[in-house]
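Quick note, the sequences are listed as chains A and B, same order. Going by this note's numbering, the residue at position 83 of the first sequence is 83; the numbering climbs one at a time, nothing skipped. Going by this note's numbering, the residue at position 35 of the second sequence is 1035; the numbering climbs one at a time, nothing skipped. From the three backbone atoms N, C-alpha and C, an ideal C-beta is built for every residue, glycine too. Every value quoted in this text rests on a predicted model; they were computed, and no experiment measured them. This report refers to the structure that appears directly beneath it.
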Amino acid sequence: MEKLLELNSVGYSYHTPSGETPALININFTVYQGEFVAIVGPSGCGKSTLLSLSSGLLEPEHGSILLYGQKLFQKGSGTIGYMFQHDHLFEWRTIEQNVLLGPEIQNKLTEQRREAVLDMLKTYGLYKFKDAKPSQLSGGMRQRAALIRTLALEPKLLLLDEPFSALDYQTRLTVGDDIGSIIRGENKTALLVTHDLSEAVSLADRVIVLSKRPGTVKNIITIQFPENLSPLERRNTPEFKDYFNLLWKEMNSDE
Amino acid sequence: MSEISLAQQKYLTARKRHRRTVVCSRCLIFVLFLGLWETAAVTGLIDSFIFSSPSKVLLCFYQMLIDKSLISHIAITLMETVVSFLLVLLCALGITILLWFHPRLSETLDPYLVILNSLPKSALAPLLIVWLGANYKTIIVTGMSVAIFGSILSLYTSFSAVDAEKIKLIYSLGGNKYHVMTKVILPSNIPVLFSLMKVNIGLCLVGVIIGEFIAARSGLGYLIIYGSQVFKLDWVIMSIVLLCLMAMLLYGLLGFLEKRYLKRL
Chain A
1 MEKLLELNSV
11 GYSYHTPSGE
21 TPALININFT
31 VYQGEFVAIV
41 GPSGCGKSTL
51 LSLSSGLLEP
61 EHGSILLYGQ
71 KLFQKGSGTI
81 GYMFQHDHLF
91 EWRTIEQNVL
101 LGPEIQNKLT
111 EQRREAVLDM
121 LKTYGLYKFK
131 DAKPSQLSGG
141 MRQRAALIRT
151 LALEPKLLLL
161 DEPFSALDYQ
171 TRLTVGDDIG
181 SIIRGENKTA
191 LLVTHDLSEA
201 VSLADRVIVL
211 SKRPGTVKNI
221 ITIQFPENLS
231 PLERRNTPEF
241 KDYFNLLWKE
251 MNSDE
Chain B
1001 MSEISLAQQK
1011 YLTARKRHRR
1021 TVVCSRCLIF
1031 VLFLGLWETA
1041 AVTGLIDSFI
1051 FSSPSKVLLC
1061 FYQMLIDKSL
1071 ISHIAITLME
1081 TVVSFLLVLL
1091 CALGITILLW
1101 FHPRLSETLD
1111 PYLVILNSLP
1121 KSALAPLLIV
1131 WLGANYKTII
1141 VTGMSVAIFG
1151 SILSLYTSFS
1161 AVDAEKIKLI
1171 YSLGGNKYHV
1181 MTKVILPSNI
1191 PVLFSLMKVN
1201 IGLCLVGVII
1211 GEFIAARSGL
1221 GYLIIYGSQV
1231 FKLDWVIMSI
1241 VLLCLMAMLL
1251 YGLLGFLEKR
1261 YLKRL
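Below, the structure written as structure tokens:
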């Protein structure tokens, strides 16, 4: 498998006048092409910082981050898609205008690209809402629209920053299932940050466990399920709770 | 349409009655006030030479309308107000955008803006006459000076209050600072701009009247100051009433535009 993203002894600290707070120390891991990797860890362990670093929006203070073996430096070139906790759909734009925001910013809004994005809206059941305002959509539909906005630039890597945590539990399960299936269906590589262990087990191929702040990689656990199980189906298998317990122990073990 | 239930009907009637009471009370206050004022003036309870009376104000309005002097006074004040309002809008927006693009500049200038904003602007008017002359320029600049600094400060605050993640989204889609401004900050601040405009129109009117008090040969502010000097209090009160109407009209117009924008959203 091809190495897509590589983090080599990455470190990052936050600076305030009263002092320096190390957020991440010596982080090493690799994400391979087509993989779904989840990062879990206690709150405040630097998970979101790790995503900002991986997206190129922040520059690491130590170590290096490589994308396809090349140093990652420019601010979001569109090869890395970022999905947030909130959908951030703009209320003054229709759904169509919202999902086309990326190509519009990059001046890549060709007729062909537009067609491709509209096709995605069709595939994921949002086409009839293309002229609607975001407020007319349910929370799950909005998050789906946000994913299509991210995919519109055809990113090589998707970064998901707790994208389901603002939804209620019911919606969270279905949207998690939805989005997980879309990402697998589109053959995308994804890096998910979450504090929800069952979400990590239901979606990921590998789970990276971070320690308390300053975050370091505690362990990397490979998750194996029979192929082609949807996230919801995974939750119904007997292995599911074993993985959950394994992660739970890993998170709560103090060295 | 389906049938309206009894409870819904009851609710609707109660609502209608409430609305009617409010509107009637408003009208009643207006009529009572005018009536009392007129009777007091006619019966000699108050001196109509000093306090004028509704009928005298109306008569004065009619006479000045006939000899065509009033229209030009109103037009001049209206023009000065609208021009200073538009200039405030343009300058405040331009300066705030500039400050947003240069955080260091805005941090440097912040105390100066705060001082200028809290300064009583009428204190500047005599200075402006000396610099710009006793003409419409002074009046328009006085009108602007009342509103502009506050506008910049509050616009800048709401520019800075835009959700940091929305800005991060633009960067993650490959945008730059210019995209952040045009795709997020400006569109999300249009409602703020409208409420600022509603405040500013009143402030500009205040500034223009201050300017006219000291530097004008025409306009409603001039009419007020001149009328009080020659004891033509009909003029003064009529001008005040006309200013009330003008303020209402301009505010209403902006409210109407705002509603139309919000409906489109």
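Return the first residue and the last residue of the alpha helix (DSSP H) that residue i is part of.
| i | result |
| --- | --- |
| His1073(B) | Ser1069 to Phe1101 |
| Glu1258(B) | Leu1233 to Arg1264 |
| Asn245(A) | Pro238 to Asn252 |
| Ile1201(B) | Ile1190 to Ala1215 |
| Thr1043(B) | Looking at the DSSP string, Thr1043(B) is not in any alpha helix (DSSP H), and its letter there is neither H nor E. |
| Phe1061(B) | Pro1054 to Ile1066 |
| Glu1220(B) | Before going on, a small fix: residue 1220(B) reads as Leu here, not Glu. Unbroken alpha helix (DSSP H) run through Leu1220(B): Leu1220 to Gln1229. |
| Ala200(A) | Leu197 to Leu203 |
| Gly1133(B) | Where Gly1133(B) is concerned, there is no enclosing alpha helix (DSSP H), given that its DSSP letter is neither H nor E. |
| Ser49(A) | Per the sequence shown, the amino acid found at residue 49(A) is Thr instead of Ser. Its alpha helix (DSSP H) spans residues Lys47 to Ser55. |
| Ile1167(B) | Ala1164 to Ser1172 |
Taking all protein chains shown into account, do 16 or more other C-beta atoms lie within 10 angstroms of the C-beta of residue i, making it buried, or fewer, making it exposed?
| i | result |
| --- | --- |
| Leu53(A) | buried |
| Pro238(A) | exposed |
| Pro163(A) | buried |
| Cys1024(B) | exposed |
| Met1(A) | exposed |
| Ser1239(B) | buried |
| Cys965(B) | The requested residue 965(B) is not part of the displayed model; chain B covers only 1001 to 1265. |
| Thr1039(B) | exposed |
| Glu1003(B) | exposed |
| Cys45(A) | buried |
| Asn1200(B) | buried |
| Ser1084(B) | buried |
| Lys1010(B) | exposed |
| Gln143(A) | buried |
| Tyr14(A) | exposed |
Quick one: which chain B residues come within Cβ less than 7 Å of residue i?
| i | result |
| --- | --- |
| Glu186(A) | Chain B residues near Glu186(A): none, gap ~18 Å exceeds 7 Å. |
| His86(A) | Glu1165 |
| Leu57(A) | Lys1168, Tyr1171 and Ser1172 |
Taking C-beta pairs closer than 9 Å, name the residues in chain B that residue i reaches, listed in chain order.
| i | result |
| --- | --- |
| Gln106(A) | Leu1173, Gly1174 and Gly1175 |
| Phe90(A) | Lys1166, Lys1183, Val1184, Pro1187 and Ser1188 |
| Tyr82(A) | Lys1168, Leu1169, Tyr1171, Ser1172 and Leu1173 |
| Leu153(A) | Leu1173 and Gly1174 |
Mind checking whether residue i and residue j have CB atoms under 7 Å apart?
| i | j | result |
| --- | --- | --- |
| Gly102(A) | Leu1173(B) | yes |
| Ile27(A) | Leu7(A) | yes |
| Glu1212(B) | Tyr1226(B) | no |
| Ala1215(B) | Ile1095(B) | no |
| Leu147(A) | Ile179(A) | yes |
| Gly215(A) | Glu199(A) | no |
| Leu1245(B) | Ser1052(B) | no |
| Pro60(A) | Val99(A) | no |
| Leu1243(B) | Leu1220(B) | yes |
| Ala145(A) | Ile95(A) | yes |
| Arg235(A) | Thr222(A) | no |
| Ala1092(B) | Leu1186(B) | no |
| Lys47(A) | Thr30(A) | no |
| Trp1100(B) | Phe1159(B) | yes |
| Leu1228(B) | Val1241(B) | In the sequence as displayed, the identity of residue 1228(B) is Ser instead of Leu. No, the Cβ-Cβ distance between Ser1228(B) and Val1241(B) is not below 7 Å. |
| Asp161(A) | Leu58(A) | no |
| Val1208(B) | Gly1143(B) | yes |
Return the first residue and the last residue of the beta strand (DSSP E) that residue i is part of.
| i | result |
| --- | --- |
| Glu91(A) | Unbroken run through Glu91(A): none, as it is neither H nor E. |
| Lys3(A) | Lys3 to Thr16 |
| Ser64(A) | His62 to Leu67 |
| Tyr32(A) | Gly19 to Tyr32 |
| Val209(A) | Arg206 to Leu210 |
| Phe1149(B) | Where Phe1149(B) is concerned, there is no enclosing beta strand (DSSP E), although the alpha helix (DSSP H) it sits in stretches over Tyr1136 to Ser1160. |
| Tyr127(A) | Careful: Tyr127(A) lies outside any beta strand (DSSP E) and carries neither H nor E. |
| Ala153(A) | With the sequence shown as reference, residue 153(A) is identified as Leu, and Ala is not the correct amino acid for it. From DSSP, Leu153(A) is part of no beta strand (DSSP E); its letter is neither H nor E. |
| Val193(A) | Thr189 to Thr194 |
| Ala38(A) | Phe36 to Val40 |
| Thr222(A) | Val217 to Thr222 |
Residue i versus chain B: which residues are under 8 Å apart at the beta carbon?
| i | result |
| --- | --- |
| Gly102(A) | Leu1173 and Gly1174 |
| Leu158(A) | Here the premise fails: no neighbours, minimum Cβ distance about 11 Å. |
| Leu66(A) | The premise fails here: Leu66(A) is roughly 19 Å from chain B at the closest Cβ pair, so nothing lies under 8 Å. |
Residues of chain A with CB under 8 Å from residue i, in chain order?
| i | result |
| --- | --- |
| Phe1265(B) | A small fix is needed here, since residue 1265(B) is Leu in this sequence, not Phe. Glu91, Trp92 and Lys133, listed in chain order. |
Which residues in chain A sit within 7 Å of residue i, going by Cβ to Cβ distance?
| i | result |
| --- | --- |
| His1179(B) | Ile105 |
At least three beta-carbon pairs within less than 8 Å, the stretch 1106–1115 of chain B to the stretch 1145–1154 of chain B: Counting Cβ pairs under 8 Å, three or more are found: they touch.
Inter-stretch contact at 8 Å, needing at least 3 Cβ pairs: the stretch 1119–1129 of chain B / the stretch 1050–1062 of chain B: The stretch 1119–1129 of chain B is not in contact with the stretch 1050–1062 of chain B.
Contact between the stretch 61–75 of chain A and the stretch 120–136 of chain A (3+ Cβ pairs under 8 Å): Contact between the stretch 61–75 of chain A and the stretch 120–136 of chain A is absent: fewer than three C-beta pairs spanning the two stretches fall below 8 Å.
Three CB pairs or more closer than 8 Å across the stretch 1170–1187 of chain B and the stretch 1250–1261 of chain B: The stretch 1170–1187 of chain B is not in contact with the stretch 1250–1261 of chain B.
Cβ pair count under 8 Å reaching 3, the stretch 29–44 of chain A against the stretch 229–246 of chain A: Contact fails: fewer than three Cβ-Cβ distances are below 8 Å.
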